[in-house]
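Enquirer: Protein chains in written order, with the working numbering: chain A, 8 to 358; chain B, 8 to 358; chain C, 8 to 358; chain D, 8 to 358. Just so it is clear, CB atoms sit at the ideal spot from N, CA and C, and this is done for glycine as well.
Number of protein chains: 4
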Amino acid sequence: MKPEQPAIEFRSDNAGRVAPQLIEALVQANEGTALGYGADALTARLQTRFAELFETAVRVFPVPTGTAANALSLASVCTPFGAVYCSPDAHINTSESNATGFFSGGAKMVPLPGQHGKVSAQALAAAIAGAGVGLAHKSQPAAVNLVQATDLGAVYSLDEIAAIAEVAHAHGLKVHMDGARFANAVASLGCSPAQAAWKAGVDILSFGVTKNGGLLGDAIVVFAPDAPPALGQHLRRAGMVWSKMRFASAQILAYLEGDLWLKLARGANQAAASIAALVGTLPGVRLVAPVEANELFIETDATVLDALQADGILFYRRGPRLGRFVCRWDTSAAEVDALATAIARHVARRA
Amino acid sequence: MKPEQPAIEFRSDNAGRVAPQLIEALVQANEGTALGYGADALTARLQTRFAELFETAVRVFPVPTGTAANALSLASVCTPFGAVYCSPDAHINTSESNATGFFSGGAKMVPLPGQHGKVSAQALAAAIAGAGVGLAHKSQPAAVNLVQATDLGAVYSLDEIAAIAEVAHAHGLKVHMDGARFANAVASLGCSPAQAAWKAGVDILSFGVTKNGGLLGDAIVVFAPDAPPALGQHLRRAGMVWSKMRFASAQILAYLEGDLWLKLARGANQAAASIAALVGTLPGVRLVAPVEANELFIETDATVLDALQADGILFYRRGPRLGRFVCRWDTSAAEVDALATAIARHVARRA
Amino acid sequence: MKPEQPAIEFRSDNAGRVAPQLIEALVQANEGTALGYGADALTARLQTRFAELFETAVRVFPVPTGTAANALSLASVCTPFGAVYCSPDAHINTSESNATGFFSGGAKMVPLPGQHGKVSAQALAAAIAGAGVGLAHKSQPAAVNLVQATDLGAVYSLDEIAAIAEVAHAHGLKVHMDGARFANAVASLGCSPAQAAWKAGVDILSFGVTKNGGLLGDAIVVFAPDAPPALGQHLRRAGMVWSKMRFASAQILAYLEGDLWLKLARGANQAAASIAALVGTLPGVRLVAPVEANELFIETDATVLDALQADGILFYRRGPRLGRFVCRWDTSAAEVDALATAIARHVARRA
Amino acid sequence: MKPEQPAIEFRSDNAGRVAPQLIEALVQANEGTALGYGADALTARLQTRFAELFETAVRVFPVPTGTAANALSLASVCTPFGAVYCSPDAHINTSESNATGFFSGGAKMVPLPGQHGKVSAQALAAAIAGAGVGLAHKSQPAAVNLVQATDLGAVYSLDEIAAIAEVAHAHGLKVHMDGARFANAVASLGCSPAQAAWKAGVDILSFGVTKNGGLLGDAIVVFAPDAPPALGQHLRRAGMVWSKMRFASAQILAYLEGDLWLKLARGANQAAASIAALVGTLPGVRLVAPVEANELFIETDATVLDALQADGILFYRRGPRLGRFVCRWDTSAAEVDALATAIARHVARRA
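Here it is, written out as structure tokens:
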């Protein structure tokens with residue numbers, strides 16, 4: 008199963024390895040007995056740890072996947088006849104197989120225009136104004152979904168988040184952040200987790216772990232003081248509550264220990280930034296969005312992308328002229344170099 | 008977090024440790040990159056391995072929890088207006104927070120009489136006969152759920168399963184086995200996995216791992232040749248498909264390696280059998296069901312149960328005079344001895 | 008389509024005619040234009056009229072069917088992980104094709120023992136006590152469903168309702184009354200509608216019209232001051248809100264006009280009482296429940312029931328020895344006589 | 008309740024009266040008894056009548072509302088993880104409070120570009136091509152929804168429908184027609200109902216009655232030979248099946264009798280055409296879409312619309328400069344004249 012020579016892998020950050028510290032945490036947690044379903048000491052510690060991390064009272068729910076985190080978060084703040092505003096590129100809109108509609112009993116995803124995978128505050132305000140608030144036949148504005156970092160690799164500034172949250176809260180909407188790449192965004196912004204979340208107006212956060220060195224779990228973090236008291240029961244009904252929860256909590260505690268999560272994210276971000284620096288100004292190469300996290304969306308001639316694939320470099324085409332390249336926490340300098348060199352070579356050949 | 012002296016722990020098999028081989032498998036799997044969502048070599052191997060194990064073509068879907076396995080299995084074989092027959096004691100009926108009703112769009116749990124947590128074939132036949140098959144206002148018989156080992160610690164014989172499956176299949180129902188303790192049952196029956204499952208008529212199986220030394224995942228195994236082709240999409244919509252699936256598959260492969268799963272189960276079963284042998288004939292002590300797997304349900308005087316709790320022995324009361332005692336794969340001889348001795352002592356004192 | 012001689016019809020009260028006053032009301036309402044979806048003068052009048060009828064502030068929602076009324080009522084007061092307690096004979100449990108489970112997102116029907124199609128207050132208290140309130144894996148007690156008159160033709164006394172409501176409210180459950188035959192029950196009790204409903208503790212009522220001379224609609228009446236503000240939106244999402252609502256409201260107003268509803272119900276009740284008086288004491292005939300509304304459940308020798316069917320008398324067998332006979336508002340004296348005479352004849356022949 | 012002088016009413020076709028023939032049909036149907044839930048002679052006749060009307064075998068299901076017809080139709084042909092393509096202006100997308108998402112278990116509405124409220128075949132083909140067919144994380148193309156006449160008052164030509172159906176069927180999608188104004192469209196096209204429906208590729212049709220002189224019901228008509236056999240049960244579970252079905256069927260039979268439905272539609276269409284002819288070429292007046300059925304969408308100066316409202320003319324603003332004017336089957340010549348004259352007057356004043 009081990010390839011002769013390592014792959015040059017840019018398909019996804021979920022193609023990568025687990026940070027060894029998380030597996031080591033499983034070994035450490037594996038002694039004695041403990042009550043199931045979250046009634047254990049490590050899960051209690053997790054609650055405290057997230058309160059410290061975010062500098063406020065929170066509730067944390069480890070869940071198996073990012074889709075679970077998004078769909079249950081949104082379902083918990085959205086009525087069945089509600090509308091969830093999001094970017095057309097948002098993961099909940101493009102890649103979760105109707106999960107939010109399912110868990111919410113029918114809530115509708117409403118894509119809004121915006122740049123680089125972002126929702127714009129103006130578009131949100133306009134959509135709410137035209138939504139027919141209070142009319143029983145209209146999907147009622149319930150929540151806005153921000154993907155941070157975005158699905159095009161950009162990062163919302165704190166001001167952008169705050170502007171959206173202000174519009175949302177003025178009309179009673181909740182702000183959900185899909186933080187599958189929250190670590191990458193916080194590392195990129197250089198701010199505190201609190202600043203990146205509730206201080207900017209986020210009510211409920213899908214806290215990503217898997218893509219950034221995690222194993223088999225992410226988490227939901229609830230900031231809103233009037234947050235749904237029944238989220239725990241919704242999760243149980245959804246089959247999302249592990250009986251051996253302590254082993255999920257142990258992983259996430261290790262992920263936070265000594266800022267490991269930010270170190271891992273910086274590795275991935277740095278790899279992406281290096282590639283952007285090396286290829287971003289090449290003729291015939293366009294970065295579709297600013298490279299602010301660990302993803303690059305590169306628009307170039309189809310023959311260039313074809314040639315990269317012929318080289319055996321692993322990445323996804325998002326169109327004939329559009330390639331997505333994702334860096335992992337452990338993307339190697341060799342991979343960065345191989346990709347940048349190959350792009351430069353194929354672009355040059357073409358010119 | 009380590010107690011001064013080890014707990015005498017009989018609350019649940021999910022309170023126990025992970026078999027170290029499963030964590031070691033994570034370490035082994037943690038190299039190189041791999042495609043996500045099950046498109047990796049280990050998950051491909053898992054498919055093959057289960058086909059070998061069950062001596063037939065199967066499809067296997069690792070899922071986070073037993074509730075997920077049960078609810079998605081049943082939802083996949085049951086219409087929204089269907090009825091699922093089960094024991095009143097069945098986990099899906101008592102302990103899964105309406106998950107099957109939710110995932111199926113409303114399917115109804117219909118408890119049937121039976122002994123020791125089992126469904127009886129006669130009761131099933133009678134229920135189907137009176138169900139109003141074909142009448143649009145009646146919940147239509149869709150599936151029968153067998154918990155193996157049962158929620159009272161008994162084990163269905165192969166003949167019992169076959170008799171139920173015969174009734175079910177004669178009327179178009181699917182047979183779902185909740186095998187949260189499938190390993191314990193197979194170890195108890197001394198038969199092959201195939202005999203305990205599809206050869207006896209099981210169409211779809213929740214294959215338990217967590218309670219028997221697992222970590223954070225179980226699996227759905229589909230035997231029925233006309234099984235729902237869309238189960239993969241249902242799981243994705245349900246947020247149940249890990250992007251880093253290879254780490255789930257690695258665990259389950261290790262769980263099967265060298266019959267580890269059966270060895271673990273035998274440990275738990277043996278502990279339960281030992282206790283049963285030591286206390287089962289004491290005066291004033293009644294075993295509510297035959298102890299055929301790793302659970303004992305002991306009916307005795309309330310003062311005896313009170314005294315055990317006062318001793319610090321950990322177990323659950325299921326009523327004033329009823330205690331549930333669950334053995335783990337790593338329940339120690341000391342625990343067995345401590346419990347049996349304490350019961351004998353308190354019973355003697357009372358007499 | 009008109010039979011040579013009129014049928015002797017006891018299959019169902021929904022097999023009967025519409026009270027002509029309701030059709031006449033459609034003719035009267037059919038002039039001018041009016042806003043749709045309930046924003047018309049007749050629907051406004053309906054709200055006022057029900058407030059008068061029930062002597063308190065209420066909200067009224069006309070809906071197409073009794074199943075719609077029951078399922079939406081219960082879904083509006085029940086969480087998705089809730090339990091709805093009911094009689095095993097309750098229409099929601101036996102005859103609505105999982106509708107309540109569907110609209111509520113999975114809520115579970117939990118049948119409780121009781122006599123004559125009733126829930127007993129003691130059984131309810133015991134069920135709540137054993138439900139595991141607050142445990143996330145347990146279906147949480149949410150509502151109790153009372154069918155009035157019951158599905159076996161009995162009528163809850165006001166004290167019986169109050170006793171159930173007291174238990175329910177003490178534990179935070181809502182009381183739903185399935186009043187598909189509410190008119191029959193009120194006529195039987197001889198009390199005011201208010202006494203039969205909220206004064207006895209009912210929070211939400213399915214107010215039946217169809218079975219008692221109605222056409223194509225029933226209604227939901229909400230008494231609870233903290234009733235779900237979103238019920239209107241739930242109904243809209245469910246496709247249950249007629250655009251030409253004024254024609255639904257006109258019918259229900261006519262139904263109430265001059266106590267028409269009670270007069271119709273008295274006709275049906277009297278027919279049933281007459282039959283009961285004529286056959287109830289015959290040897291070998293047993294009335295399964297007191298005949299307090301418009302239904303009789305007659306247990307007798309199978310040959311008697313066979314003979315009635317051979318006579319062409321229309322009714323349903325509920326078992327070899329059990330027949331259900333339902334009287335309509337317009338059941339004729341001739342029908343009553345024909346049935347009673349035939350039963351007496353066949354019983355005598357058998358003796 | 009009767010206004011001093013008749014309203015000039017252009018708010019909606021559901022604001023209008025019932026065609027008296029439908030109420031008369033209720034009177035005629037109101038004798039004798041009949042089995043409930045569709046097992047009556049009139050409903051049997053309805054099946055035959057629709058087969059005649061559409062010149063093919065069909066199944067017909069009367070339902071309470073157009074939303075019910077749309078949502079249940081689509082849910083019956085769409086998996087929970089499916090995508091339903093539609094116009095951004097489609098009623099299912101704008102005005103049904105997430106009903107289709109709810110009944111389908113989460114199916115997603117995907118708006119496609121097109122003119123005049125239509126879906127374009129090209130846009131549909133492009134959307135399917137980019138949908139990620141077969142990928143479990145992508146909403147799978149399941150159905151396309153055509154509103155006929157469209158929500159902007161235009162009518163699909165038979166060729167347009169056929170082109171869309173060809174694309175849809177080539178990729179396994181079902182074609183659903185929201186025929187809330189099917190009568191208006193057929194009258195406008197001058198073709199047979201069969202040509203307007205299954206001969207052009209429609210698989211399942213919401214057959215509108217309410218807006219065109221109906222009372223409290225529409226119908227679902229299923230053409231697809233492999234149509235969901237369980238639709239009847241889905242409707243029952245949804246509380247959509249009237250026990251006194253014969254009175255729903257009687258209305259629809261009357262609606263078809265002697266081509267009444269087309270006569271009513273021609274009345275409404277003619278009124279709209281007259282207004283269009285009178286105002287369509289006025290300076291500063293633009294008809295947003297061709298007036299091919301009974302609706303006009305008029306774009307003009309805000310002051311003109313303000314003045315019409317000040318005149319007491321009843322219609323809806325769809326924006327500051329956009330008014331919607333809907334003609335009913337009984338819109339009077341006086342209303343047509345009053346509206347056209349007022350528009351002309353206000354436009355002239357402004358010039």
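1. Could you work out which residue in B:Ser94, B:Phe88 and B:Ala341 is closest to threonine 101 of chain C when comparing CA atoms only?
2. Please list the partners that arginine 243 of chain C has in chain A, where partner means a Cβ-to-Cβ separation under 8 Å.
3. Closer than 7 Å between beta carbons: that is the criterion. Which residues of the stretch 95 to 109 of chain D meet it against chain A?
4. List, in order along the chain, the chain C residues whose C-beta lies closer than 8 Å to that of glutamine 240 of chain A?
5. Less than 7 Å between the C-beta atoms of arginine 18 of chain C and leucine 321 of chain C, yes or no?
6. Quick one: any contact between the stretch 202 to 216 of chain C and the stretch 30 to 50 of chain D, if contact means 3 or more CB pairs under 8 Å?
7. Less than 7 Å separating the beta-carbons of lysine 181 of chain D and alanine 150 of chain D?
8. Mind listing the chain C neighbours of alanine 114 of chain B? Cutoff is C-beta to C-beta under 8 Å, in chain order.
9. Can you list the beta strand (DSSP E) stretches of 3 or more residues lying completely in the stretch 22 to 57 of chain D, in chain order?
10. Could you tell me how far apart the beta carbons of alanine 300 of chain D and valine 162 of chain D are, in whole angstroms, since I believe they sit closer than 8 Å?
11. Starting from glutamate 306 of chain A and walking both ways along the alpha helix (DSSP H), at which residues does that stretch end?
12. Quick check on methionine 8 of chain B: buried or exposed, where buried means 16 or more other Cβ atoms within 10 Å of its Cβ?
13. DSSP on asparagine 77 of chain B, reduced to helix/strand/coil?
14. Can you have a look at threonine 348 of chain A and say buried or exposed, based on whether 16 or more other CB atoms are within 10 angstroms of its CB?
15. With distance defined between alpha-carbon atoms, name the residue in A:Ala138, A:Ser104, A:Ala106 and A:Ser111 nearest to leucine 119 of chain A.
16. Contact defined as beta carbons within less than 8 Å: I believe aspartate 20 of chain A pairs with alanine 275 of chain A. What is the distance between those atoms, to the nearest angstrom?
17. Using a 10 Å radius around the Cβ and a threshold of 16 neighbouring Cβ atoms, would you call serine 195 of chain D buried or exposed?
18. Where do the N-terminal and C-terminal ends of the beta strand (DSSP E) with isoleucine 135 of chain C fall, by residue?
19. Using Cβ-Cβ distances below 8 Å, what residues of the stretch 244 to 264 of chain C are close to chain D?
20. What first and last residue would you give for the beta strand (DSSP E) that runs through phenylalanine 400 of chain D?
21. Are any of the Cβ atoms in chain A nearer than 7 Å to that of leucine 223 of chain B?
22. I need the straight-line Cα distance from histidine 91 of chain A to proline 148 of chain A, nearest angstrom please.
23. Helix, strand or coil for histidine 241 of chain A, going by three-state DSSP, please let me know.
24. Would threonine 55 of chain B pass as an interface residue toward chain A - the criterion being a Cβ-Cβ separation below 7 Å?
25. Using 7 Å as the limit for Cβ to Cβ distance, is methionine 8 of chain B near chain D?
26. Excluding sequence positions up to five away, which residues of its chain have a Cβ less than 8 Å from the Cβ of histidine 48 of chain A?
27. How would you call threonine 55 of chain A, buried or exposed, if buried means at least 16 neighbouring beta carbons within 10 angstroms?
28. Residue range of the alpha helix (DSSP H) that serine 195 of chain B falls in?
29. Taking threonine 72 of chain D as the query, report the chain C residues whose CB atoms sit under 9 Å from its CB, ordered along the chain.
30. What is the DSSP secondary structure of glutamine 316 of chain D, reduced to helix, strand or coil?
31. Using a Cβ cut-off of 8 Å, pull out every chain B residue sitting near glutamate 16 of chain A, in sequence order please.
32. For a quick check, are the C-beta atoms of valine 333 of chain A and glutamate 302 of chain A less than 7 Å apart?
33. Taking the continuous beta strand (DSSP E) assigned at tyrosine 92 of chain A, which residues delimit it?
34. For the beta strand (DSSP E) containing glycine 326 of chain C, list its first residue and its last residue.
35. Does the pairing of the stretch 254 to 268 of chain D with the stretch 276 to 286 of chain D give three or more beta-carbon distances under 8 Å?
36. Given that a residue counts as buried once 16 or more other Cβ atoms are within 10 Å of its Cβ, and exposed if not, what is proline 327 of chain A?
Expert: Checking against the coordinates, here is how it stands:
1. Walking along the third sequence from the start, residue 101 of chain C turns up at place 94. Minimum Cα-Cα distance from threonine 101 of chain C among the listed residues B:Ser94, B:Phe88 and B:Ala341 corresponds to B:Phe88.
2. The residue labelled residue 243 of chain C in the question sits at position 236 within the third sequence. Phe88, Ala143 and His144, listed in chain order.
3. Ser102, Glu103, Ser104, Asn105, Gly108 and Phe109
4. Within the first sequence, residue 240 of chain A is the residue found at index 233, counting from 1. What glutamine 240 of chain A touches in chain C: Thr86, Phe88, Ala143 and Gln147.
5. To locate residue 18 of chain C, count along the third sequence from 1; it is residue 11. To locate residue 321 of chain C, count along the third sequence from 1; it is residue 314. For arginine 18 of chain C and leucine 321 of chain C, yes; Cβs fall inside 7 Å.
6. The stretch 202 to 216 of chain C vs the stretch 30 to 50 of chain D: no contact.
7. Translated into positions along the fourth sequence, residue 181 of chain D becomes position 174. Translated into positions along the fourth sequence, residue 150 of chain D becomes position 143. For lysine 181 of chain D and alanine 150 of chain D, yes; Cβs fall inside 7 Å.
8. The residue you call residue 114 of chain B lines up with position 107 of the second sequence. Those within 8 Å of alanine 114 of chain B in chain C are Asn105 and Gly108.
9. none
10. Your numbering for residue 300 of chain D matches position 293 in the fourth sequence. Your numbering for residue 162 of chain D matches position 155 in the fourth sequence. That belief holds up - the Cβ atoms of alanine 300 of chain D and valine 162 of chain D are roughly 6 Å apart, short of 8 Å.
11. If you number the first sequence from 1, residue 306 of chain A lands on position 299. Per DSSP, glutamate 306 of chain A belongs to no alpha helix (DSSP H); it is in the beta strand (DSSP E), 302 to 306.
12. Working through the second sequence from its first residue, we reach residue 8 of chain B at position 1. Summary for methionine 8 of chain B: the model assigns pLDDT 43, below 50, so the residue's position carries little reliability, and this model does not support an answer.
13. Residue 77 of chain B sits at position 70 when you count from the first residue of the second sequence. DSSP places asparagine 77 of chain B in helix when its eight states are reduced to three.
14. Counted from its first residue, the first sequence places residue 348 of chain A at position 341. It counts as exposed.
15. Numbered from its first residue, the first sequence carries residue 119 of chain A at position 112. For leucine 119 of chain A, the nearest C-alpha among the options comes from A:Ala138.
16. Locating residue 20 of chain A in the first sequence gives position 13, counting from the first residue. Locating residue 275 of chain A in the first sequence gives position 268, counting from the first residue. Contact flag correct, Cβ pair sits at about 7 Å.
17. For the purposes of this step, residue 195 of chain D is taken as the residue at position 188 of the fourth sequence. The residue is buried, with at least 16 neighbouring Cβ atoms inside 10 Å.
18. For the purposes of this step, residue 135 of chain C is taken as the residue at position 128 of the third sequence. Taken as a continuous stretch (DSSP letters only), isoleucine 135 of chain C belongs to no beta strand (DSSP E), being part of the alpha helix (DSSP H) at 128 to 136.
19. Arg244, Ala245, Gly246, Met247, Val248, Trp249, Ser250, Lys251, Phe254 and Ala255
20. No information on residue 400 of chain D is available, as it lies outside the stretch 8 to 358 that chain D covers here.
21. Within the second sequence, the letter at position 216 stands for residue 223 of chain B. Interface residue, yes.
22. Position 84 of the first sequence, counted from the first residue, corresponds to residue 91 of chain A. Position 141 of the first sequence, counted from the first residue, corresponds to residue 148 of chain A. Residue identity differs from the one stated: residue 91 of chain A is valine in this sequence, not histidine. For the pair valine 91 of chain A and proline 148 of chain A, the Cα-to-Cα distance works out to about 7 Å.
23. Translated into the one-based positions of the first sequence, residue 241 of chain A becomes position 234. Of the three classes helix, strand and coil, the one that applies to histidine 241 of chain A here is helix, per DSSP.
24. For this step, residue 55 of chain B is matched to residue 48 along the second sequence. Not one chain A Cβ lies under 7 Å of threonine 55 of chain B.
25. As a working mapping, residue 8 of chain B is identified with position 1 in the second sequence. Because methionine 8 of chain B carries a pLDDT of 43, less than 50, the predicted location of this residue cannot be relied on, and the following value inherits that uncertainty. No, its Cβ sits nowhere closer than 7 Å to a Cβ of chain D.
26. Stepping through the first sequence from its first residue, residue 48 of chain A is reached at position 41. Before going further, note that residue 48 of chain A is alanine rather than histidine in the sequence given. Setting aside the 5 residues that flank it on each side, alanine 48 of chain A is surrounded in the same chain by Ala41 and Arg253, each with a C-beta closer than 8 Å to its C-beta; the list follows chain order.
27. The residue given as residue 55 of chain A occupies position 48 in the first sequence. Its Cβ having fewer than 16 others within 10 Å, threonine 55 of chain A is exposed.
28. The sequence position of residue 195 of chain B within the second sequence is 188, counting from 1. Taken as a continuous stretch (DSSP letters only), the alpha helix (DSSP H) holding serine 195 of chain B covers 189 to 196.
29. To locate residue 72 of chain D, count along the fourth sequence from 1; it is residue 65. Result: Pro71, Gly246, Met247, Val248, Trp249 and Ser250.
30. Within the fourth sequence, numbered from 1, the residue matching residue 316 of chain D stands at position 309. Reduced to three states, the DSSP call for glutamine 316 of chain D is helix.
31. Here residue 16 of chain A refers to the residue found at position 9 when the first sequence is read from its first residue. The contacting residues are Thr40.
32. Taking the first residue of the first sequence as position 1, residue 333 of chain A is located at position 326. Taking the first residue of the first sequence as position 1, residue 302 of chain A is located at position 295. Yes, the pair counts as a contact, with Cβ atoms nearer than the cut-off.
33. One-based indexing of the first sequence puts residue 92 of chain A at position 85. From DSSP, the beta strand (DSSP E) with tyrosine 92 of chain A extends over 89 to 93.
34. Taking the third sequence and counting its residues from 1, one reaches residue 326 of chain C at position 319. 323 to 326 is the span of the beta strand (DSSP E), which, as asked, contains glycine 326 of chain C.
35. no
36. Translated into positions along the first sequence, residue 327 of chain A becomes position 320. Counting Cβ neighbours within 10 Å, proline 327 of chain A comes out exposed, since fewer than 16 surround it.
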